[in-house]
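Novice: Here's a structure for you.
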Amino acid sequence: MKKIIYLISFLVLVLVIFLNNLPQSKTIPNFVKILPKLNAIINFICFILLVISLISIKKQKIYTHKLINIITFILSTIFILSYVTFHSFGIKTHFPIDNPLRYIYLTILISHIILAAIVLPLILFSFHKAFIGDFKNHKKITKWSMPIWIYVTFTGVIVYIMISPYYNF
Numbered sequence: 015m016k017k018i019i020y021l022i023s024f025l026v027l028v029l030v031i032f033l034n035n036l037p038q039s040k041t042i043p044n045f046v047k048i049l050p051k052l053n054a055i056i057n058f059i060c061f062i063l064l065v066i067s068l069i070s071i072k073k074q075k076i077y078t079h080k081l082i083n084i085i086t087f088i089l090s091t092i093f094i095l096s097y098v099t100f101h102s103f104g105i106k107t108h109f110p111i112d113n114p115l116r117y118i119y120l121t122i123l124i125s126h127i128i129l130a131a132i133v134l135p136l137i138l139f140s141f142h143k144a145f146i147g148d149f150k151n152h153k154k155i156t157k158w159s160m161p162i163w164i165y166v167t168f169t170g171v172i173v174y175i176m177i178s179p180y181y182n183f
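In the working numbering, each residue carries its 1-based index in the sequence shown increased by 14.
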């Protein structure tokens, strides 16, 4: 299972890098134009659910924790599919060079991108350990994956809020 998790994580990373280097399509379907907002909404919902999941497990509400994490995992999968769809059209949006918030935006964006790449295998390992009942290792992994996943979902929303005024489609 370890090799499969690393393979999935690697393939997603390669796909995202590939998509970010595509030329922009001449026509952008209308449904694609709403995907960034959809992604921000999904990220916000995931952020809230992850916080509730964390509170639930601290209160020993294991069923609630499990159910919320499954829902969050499904939503995150939908997010990835939506993200890939959007970027398959080669859409590029740049934060203005002269904007005084540019360095804050870039700091948030870069940390978001790096941690998003790191968290995917951690999430998959965490889910696998919980699925097979290895809760000792599940807990060890989630000490890292949960705060990173929460950060990534939160910063995803912030990135959208900051960049969305500059979409030109």
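Glycine included, C-beta positions come from ideal geometry on N, C-alpha and C.
Going by the CB atoms, is the gap between Lys47 and Phe183 shorter than 9 Å?
Specialist: Within the sequence shown, numbered from 1, the residue matching residue 183 stands at position 169. Within the sequence shown, numbered from 1, the residue matching residue 47 stands at position 33. Yes; because the gap between Cβ atoms is below 9 Å, this pair is in contact.
Novice: Run through the segment 39 to 116 for me and flag every whole beta strand (DSSP E) of 3 or more residues, listed as ranges in chain order.
Specialist: Segments of the beta strand (DSSP E) lying fully in the segment 39 to 116: there are none.
Novice: Does DSSP put Pro135 in a helix, a strand or coil?
Specialist: On the sequence shown, residue 135 is found 121 positions in, with the first residue counted as 1. Note: Pro135 maps to helix in three-state DSSP.
Novice: Determine the extent of the alpha helix (DSSP H) in which Leu29 is found, giving its start and end residues.
Specialist: Here residue 29 refers to the residue found at position 15 of the sequence shown. Segment 16 to 33, the alpha helix (DSSP H) holding Leu29.
Novice: How big is the Cα-Cα spacing for Ile92 and Ile122?
Specialist: Here residue 92 is taken as the residue at index 78 of the sequence shown, counted from 1. Here residue 122 is taken as the residue at index 108 of the sequence shown, counted from 1. Rounded to the nearest angstrom, the two C-alpha atoms are 23 Å apart.
Novice: Helix, strand or coil: which one does DSSP assign to Asn182?
Specialist: For this step, residue 182 is matched to residue 168 along the sequence shown. The answer is coil: DSSP assigns Asn182 none of H, G, I, E or B.
Novice: Give me the Cα-Cα distance between Ser90 and Ile56, rounded to the nearest whole angstrom.
Specialist: Locating residue 90 in the sequence shown gives position 76, counting from the first residue. Locating residue 56 in the sequence shown gives position 42, counting from the first residue. Looking at the two C-alpha atoms, the distance is approximately 7 Å.
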